[in-house]
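Trainee:
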Amino acid sequence: LFWTSLVSSIFLQVNEGRYTYAISIFDQILKEDPNYPEALIGRGTAYVFQRELDAAIADFTKAIDTNPSAGEAWKRRGQARAALGDSAGAIGDLSKALEFEPNSADILHERGIVYFKFKDFGASVKDLSTCVKFDRDKKSAYTYLGLSFSSIGEYKKAEESHLKALQFDCDFLEAWTHLTQ
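The numbering used here puts the first residue of the sequence shown at 19, with every later residue one more than the last.
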């Protein structure tokens, strides 16, 4: 319970941008318990924000090795792999994360974007369409959904998706840009 409480408070440091400090505290925890999954996930997350993606992936991998049902580690490793351009690794990890959280709009959103960036537009449409069913106000998902529809020639659905994004934020420049194209 002590570690869980401490890790939660350190995550606040990560969220406030104090990455180096958070990493130093996670390092201390991991000296005591080198396989503590939550600390590995926390340190990996801080590494991601510092763009130290290989170090982040190593931490997420160790967390997965220690606790294969750590869905958060699968998700975050998938995000880091996507940032490095490893589409197959990213999709595999995000798919595994969905096994633990099948109704996660965030994971579907992430995987839909990865599919889009690596030009699997049909899969992108499927994930992003499901994502917005679970979280109807995810403007970024609607924008990528619109781009995916446009990429497969479904221009009316693309327009509808971009307009839906604008319903949530009429100043959403990205949606306006894509709508005018």
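Yeah, the Cβ is synthetic: ideal placement off N, Cα and C, and Gly gets one too. Here the structure is a predicted model, which means the values were calculated and not measured.
DSSP three-state call for S122: helix, strand or coil?
Mentor: Mapped onto the sequence shown, residue 122 falls at position 104. Reduced to three states, the DSSP call for S122 is coil.
Trainee: Helix or strand or just coil, what does DSSP make of I82?
Mentor: The residue given as residue 82 occupies position 64 in the sequence shown. In this structure, I82 counts as helix in the three-state DSSP scheme.
Trainee: Under 8 Å by Cβ, that's how I've got D155 and F186 pegged, so tell me the actual separation to the nearest angstrom.
Mentor: Mapped onto the sequence shown, residue 155 falls at position 137. Mapped onto the sequence shown, residue 186 falls at position 168. D155 to F186, Cβ: 5 Å. Contact.
Trainee: At the level of alpha carbons, what is the spacing between I109 and Y39?
Mentor: Taking the first residue of the sequence shown as 1, we reach residue 109 at position 91. Taking the first residue of the sequence shown as 1, we reach residue 39 at position 21. So the alpha carbons of these two residues sit roughly 31 Å apart.
Trainee: Pick from A100, S113 and F78: whose alpha carbon is nearest that of Y65?
Mentor: As a working note, residue 65 is residue 47 in the sequence shown. Answer by Cα proximity: F78.
Trainee: Distance cutoff 8 Å, beta carbons only. Does Q31 sit that close to anything in chain D?
Mentor: Among the chains in the structure shown there is no chain D, since it carries only a single protein chain.
Trainee: Among D124, L102 and A57, whose alpha-carbon lies nearest the alpha-carbon of K80?
Mentor: For the purposes of this step, residue 80 is taken as residue 62 along the sequence shown, with counting starting at 1. Ranking the options by Cα distance to K80, first place goes to A57.
Trainee: Short of 6 Å in beta carbon distance, which residues of its chain neighbour Q31, apart from the five on each side in sequence? Order them along the chain.
Mentor: By 1-based counting over the sequence shown, the position of residue 31 is 13. Closer than 6 Å at the Cβ level, and outside the excluded window around Q31, lie Y39 and A40.
Trainee: In this structure, how does DSSP classify N33 when only helix, strand and coil are distinguished?
Mentor: Here residue 33 refers to the residue found at position 15 of the sequence shown. Three-state result, N33: helix.
Trainee: Verify whether the separation of the beta carbon atoms of S147 and L163 is less than 8 Å.
Mentor: If you number the sequence shown from 1, residue 147 lands on position 129. If you number the sequence shown from 1, residue 163 lands on position 145. It is a contact, given that the beta carbons lie within the stated cut-off.
Trainee: Output needed for S122: all residues of its chain with C-beta closer than 7 Å, excluding positions within five of it in sequence on either side, in chain order.
Mentor: For the purposes of this step, residue 122 is identified with residue 104 of the sequence shown, where counting begins at 1. L116, listed in sequence order.
Trainee: Spatial neighbours of A176 within its chain, please: C-beta separation below 6 Å, excluding the five flanking residues on both sides.
Mentor: Taking the first residue of the sequence shown as position 1, residue 176 is located at position 158. So the qualifying residues of the chain are G164, F167 and S168.
Trainee: Alpha carbon to alpha carbon, how far is D83 from Q97? Give it in angstroms, no decimals.
Mentor: The sequence position of residue 97 within the sequence shown is 79, counting from 1. The sequence position of residue 83 within the sequence shown is 65, counting from 1. Whole-angstrom Cα-Cα distance: 18 Å.
Trainee: Which term fits P55, buried or exposed, when burial requires 16 or more other beta carbons within 10 angstroms of its beta carbon?
Mentor: Locating residue 55 in the sequence shown gives position 37, counting from the first residue. Buried.
Trainee: What number of angstroms, rounded off, separates the C-alpha of L48 from the C-alpha of K93?
Mentor: Taking the sequence shown and counting its residues from 1, the one referred to as residue 48 is at position 30. Taking the sequence shown and counting its residues from 1, the one referred to as residue 93 is at position 75. Whole-angstrom Cα-Cα distance: 21 Å.
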